Amino acid sequence: MPPLVAVFQHAPTEGPGTIASWLSLQGASLEPVEWWKPEASSCDPSRFDACVVLGGAMNIYQHRDYPWLVAEKQKISRFLETGTPVLGICLGAQLLADCLGAKVTQNPFQEIGWWPLRFSDAARTLFPDLPQEQTLFHWHGDSFSLPDGASRLASSDACPEQGFLYKNTTLALQFHPEVTPEMLPAFCGEDETSKPSGPWVQTNESILSLSPSLCPPLSPLLDSLLRPFFAPIFSS
Numbered sequence: 015m016p017p018l019v020a021v022f023q024h025a026p027t028e029g030p031g032t033i034a035s036w037l038s039l040q041g042a043s044l045e046p047v048e049w050w051k052p053e054a055s056s057c058d059p060s061r062f063d064a065c066v067v068l069g070g071a072m073n074i075y076q077h078r079d080y081p082w083l084v085a086e087k088q089k090i091s092r093f094l095e096t097g098t099p100v101l102g103i104c105l106g107a108q109l110l111a112d113c114l115g116a117k118v119t120q121n122p123f124q125e126i127g128w129w130p131l132r133f134s135d136a137a138r139t140l141f142p143d144l145p146q147e148q149t150l151f152h153w154h155g156d157s158f159s160l161p162d163g164a165s166r167l168a169s170s171d172a173c174p175e176q177g178f179l180y181k182n183t184t185l186a187l188q189f190h191p192e193v194t195p196e197m198l199p200a201f202c203g204e205d206e207t208s209k210p211s212g213p214w215v216q217t218n219e220s221i222l223s224l225s226p227s228l229c230p231p232l233s234p235l236l237d238s239l240l241r242p243f244f245a246p247i248f249s250s
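Note that this note's numbering has the sequence shown beginning at 15, numbered continuously upward.
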């Protein structure tokens with residue numbers, strides 16, 4: 015049987031992008047779990063070989079506005095307890111940090127657009143094909159502290175915690191390595207005035223004009239991260 019991967023999704027417009035393409039090419043089957051739909055809470059973590067937790071516009075502590083966040087955290091905790099590989103992207107990374115007992119708070123800066131990110135020495139030991147630095151796509155206002163026992167993977171000038179690996183089974187990435195040029199208009203929306211301002215916030219025009227040149231290098235970066243991390247589900 016091919017590995018079955020749950021994809022926890024928080025909005026119709028924020029899908030798995032090239033993560034789905036990569037997993038499919040390796041032979042995995044993907045099953046979306048759309049948390050804005052009531053039936054998502056019935057998902058059974060024991061059915062899956064891995065889980066991908068995607069981003070979203072909400073914050074991890076908005077339980078009143080998004081009551082399903084409570085059930086989602088319970089499902090994520092079950093994956094973590096059993097050692098099932100879980101990959102978290104942006105909001106997904108913050109949810110993983112929260113479930114591991116770390117703090118998730120407002121970052122000093124909103125970080126939106128294409129900004130350089132530096133990979134730590136630990137990251138390049140754990141994932142040997144990573145570069146020292148790469149310009150990556152960001153869209154977040156919150157960040158997390160490093161969970162106890164986790165290895166820091168990356169940082170940027172705007173945000174010191176950009177990713178961690180915990181027990182080789184939990185990979186959290188604050189940035190978005192999965193985006194394609196076709197996905198970015200949905201991120202940006204049509205109303206520039208609704209976007210926050212700050213030193214680390216790019217205009218929609220800048221984001222979209224940079225995407226044709228900066229999206230293609232994301233594919234080898236993604237492979238450098240996912241191939242070692244998901245290797246156990248393809249070798250078992």
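Where a beta carbon is used, it is the ideal one built from N, C-alpha and C, also for glycine.
These figures come from a predicted structure and were not determined experimentally.
Asked, Found
"Curious, which full-length alpha helix (DSSP H) runs of at least 4 residues does the stretch 110-164 contain?", "135-140"
"Could you have a look at S38 and say whether DSSP puts it in helix, strand or coil?", "helix"
"Here's the rule: buried if 16 or more other CB atoms are within 10 angstroms of the residue's CB, otherwise exposed. What is T98?", "buried"
"Am I right that E125 and A172 are in contact with their C-beta atoms under 8 Å? What's the rounded C-beta distance?", "4 Å"
"Grouping DSSP H, G and I as helix and E and B as strand, with all else coil, what is G106?", "helix"
"Would you tell me roughly how many angstroms separate the C-alpha atoms of E45 and E196, rounded to the nearest one?", "22 Å"
"State the CB to CB distance for the pair L160 and I103, rounded to an integer number of angstroms; the pair is presumed to be in contact (CB under 8 Å).", "Rounded, the Cβ-Cβ distance is 17 Å, inconsistent with contact."
"At a threshold of 7 Å, does W82 count as lining the ligand GDP (C-beta to nearest heavy atom)?", "Ligands in the displayed structure: none, and consequently the ligand GDP is not present."
"What number of angstroms, rounded off, separates the C-alpha of A71 from the C-alpha of P16?", "32 Å"
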